[in-house]
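Numbering-wise, our numbering puts 153 at position 114 of the sequence shown, and it's gapless, one number per residue.
Positions of the beta carbon are idealized from the N, C-alpha and C atoms, including for glycine.
On a predicted model such as this, the values are computed, not experimentally measured, just so you know.
All remarks here apply to the structure that follows.
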Amino acid sequence: MTLPDRERAPRRPGVGAGRESFATDDRALSSVVGKTLELGLLALYVGLLVSTFYGGVLPEYRLGAAGSVADRAGAAVATDVEAAVPSTADSGVPPDAGVQSVAVERELDVPRTIRGDAYRLRLDAGALVLDHPRDALSRTIPLALPDSVTRVEGAARSGETVVVVVVSTPDGLVVRLEGR
Numbered sequence: 040m041t042l043p044d045r046e047r048a049p050r051r052p053g054v055g056a057g058r059e060s061f062a063t064d065d066r067a068l069s070s071v072v073g074k075t076l077e078l079g080l081l082a083l084y085v086g087l088l089v090s091t092f093y094g095g096v097l098p099e100y101r102l103g104a105a106g107s108v109a110d111r112a113g114a115a116v117a118t119d120v121e122a123a124v125p126s127t128a129d130s131g132v133p134p135d136a137g138v139q140s141v142a143v144e145r146e147l148d149v150p151r152t153i154r155g156d157a158y159r160l161r162l163d164a165g166a167l168v169l170d171h172p173r174d175a176l177s178r179t180i181p182l183a184l185p186d187s188v189t190r191v192e193g194a195a196r197s198g199e200t201v202v203v204v205v206v207s208t209p210d211g212l213v214v215r216l217e218g219r
């Protein structure tokens, strides 16, 4: 069956030879569909990677890194507290060799936050306690203080200027942690 000339699509020489019409040819869509499928698979792959990292790998890494920061901060503060207490035992000076009083103030350098949360430092029963809202990041560090220290007390928040104060009393030295 042949179509009359007016219903037949015009032909250009050498182009589309053997085809009846471009309207009935759907092969031009195959590249568009292929690229769309490629983009869909890429989006699925990226989505899986993002959900894997943010769902499991990154939170564990962040908690581990925050634990390291808490360890370092606690150890640094404990070392600074211990270093602020004067000791005469290792210098050969007797405990009551005319020393009238001791007054030491030392500002401590502490991180403002650990894993985005403020925390609290306190001295309690011969130990430094780092209280963090996440229990996994809280620490208790025993202090090595000389026998001349009779009492440790005080607390400070991480956003404040943290100062360790050592003062002498008739009973011995008092070590106090203050936030200013």
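DSSP places serine 207 within a strand segment (E or B) once states are collapsed to three.
Look at alanine 194 here: in three-state DSSP terms it is strand. Valine 168: member of the beta strand (DSSP E) spanning 166-170, first to last residue. Listed as beta-bridge partners of proline 181 by DSSP are Ala166.
Note on leucine 169: 16 or more other CB atoms within 10 angstroms of its CB, so buried under the neighbour-count rule. With fewer than three CB-CB distances shorter than 8 Å, the segment 75-93 does not count as touching the segment 144-153. The beta carbon of alanine 105 is closer than 7 Å to those of Ile153, Arg154, Leu176 in its chain, skipping five residues each way along the sequence. The residue from Gly103, Arg111, Leu68 with its alpha-carbon nearest to that of arginine 173 is Gly103.
Secondary structure at alanine 142: strand, using DSSP grouped into helix, strand and coil.
Excluding its 5 nearest sequence neighbours in each direction, threonine 179 has C-beta neighbours in its own chain below 6 Å: Ala166, Val168, listed in chain order. Each residue's CA atom was taken as its position, placing alanine 117 and leucine 83 some 49 Å apart.
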